[in-house]
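Reviewing the structure listed below.
Residue numbers (the UniProt record's numbering): 1 to 159.
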């Protein structure tokens with residue numbers, strides 16, 4: 001029986017181990033994702049003295065925010081986008097509609113309320129967060145917000 005094990009030189013093995021143990025640069029990953037999604041060079045970033053970051057960019061008809069509280073495993077990435085200003089007509093129907101969407105179509109995100117704004121939001125700790133997950137979280141929030149904002153604004157008019 002033939003052996004298909006690949007033999008690696010010590011240098012190749014060391015490179016592989018270094019790649020597996022090198023900490024992920026979440027700031028760089030987030031900026032790369034935003035650069036692929038942002039329209040018309042709309043991306044802006046601010047950096048706090050406490051080590052956090054806040055990005056804002058335009059995606060379709062919505063503004064998307066990405067907040068990184070720091071760079072340790074215990075820190076979080078939060079992505080959100082406002083889709084509707086409250087109060088609105090028929091809030092009970094709006095609430096039911098958003099709960100139904102939360103159940104069937106929001107993936108890792110959800111609809112919620114922040115400061116009288118209906119938002120699409122997703123939050124995750126950085127522990128074991130891959131670049132693909134970062135891209136997915138940002139893309140899901142941006143897409144769901146852009147797909148729903150105009151309908152929500154027309155269907156549930158502001159009071």
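Ideal Cβ placement from N, Cα and C applies to all residues, glycine included.
Anyone know if the C-beta pair for residue i and residue j falls short of 8 Å?
i: residue 144; j: residue 120; result: yes
i: residue 116; j: residue 110; result: no
i: residue 146; j: residue 59; result: yes
i: residue 34; j: residue 134; result: no
Under three-state DSSP, which class holds residue i?
i: residue 153; result: helix
i: residue 135; result: helix
i: residue 43; result: coil
i: residue 159; result: coil
i: residue 72; result: coil
i: residue 94; result: helix
i: residue 36; result: helix
i: residue 28; result: helix
i: residue 100; result: helix
i: residue 106; result: coil
i: residue 7; result: coil
i: residue 175; result: Any answer about residue 175 is impossible in this case: the structure gives the chain only from 1 up to 159.
i: residue 82; result: strand
So residue i and residue j are in contact, right, with Cβ under 8 Å, and what is the actual spacing, rounded?
i: residue 84; j: residue 152; result: 4 Å
i: residue 149; j: residue 62; result: 5 Å
i: residue 27; j: residue 53; result: 6 Å
i: residue 99; j: residue 118; result: The pair is not a contact, with the Cβ atoms about 12 Å apart (cut-off 8 Å).
i: residue 122; j: residue 108; result: 5 Å
Should residue i go down as buried or exposed, given a rule of 16 or more other Cβ atoms within 10 Å for buried?
i: residue 7; result: exposed
i: residue 114; result: exposed
i: residue 104; result: exposed
i: residue 142; result: buried
i: residue 48; result: exposed
i: residue 159; result: exposed
i: residue 95; result: exposed
i: residue 81; result: buried
Fill in: Contact between the stretch 32-40 and the stretch 80-94 (3+ Cβ pairs under 8 Å)
no
Worksheet item: Any chance the stretch 70-79 sits against the stretch 124-141, with 3 or more Cβ pairs inside 8 Å?
Response: yes
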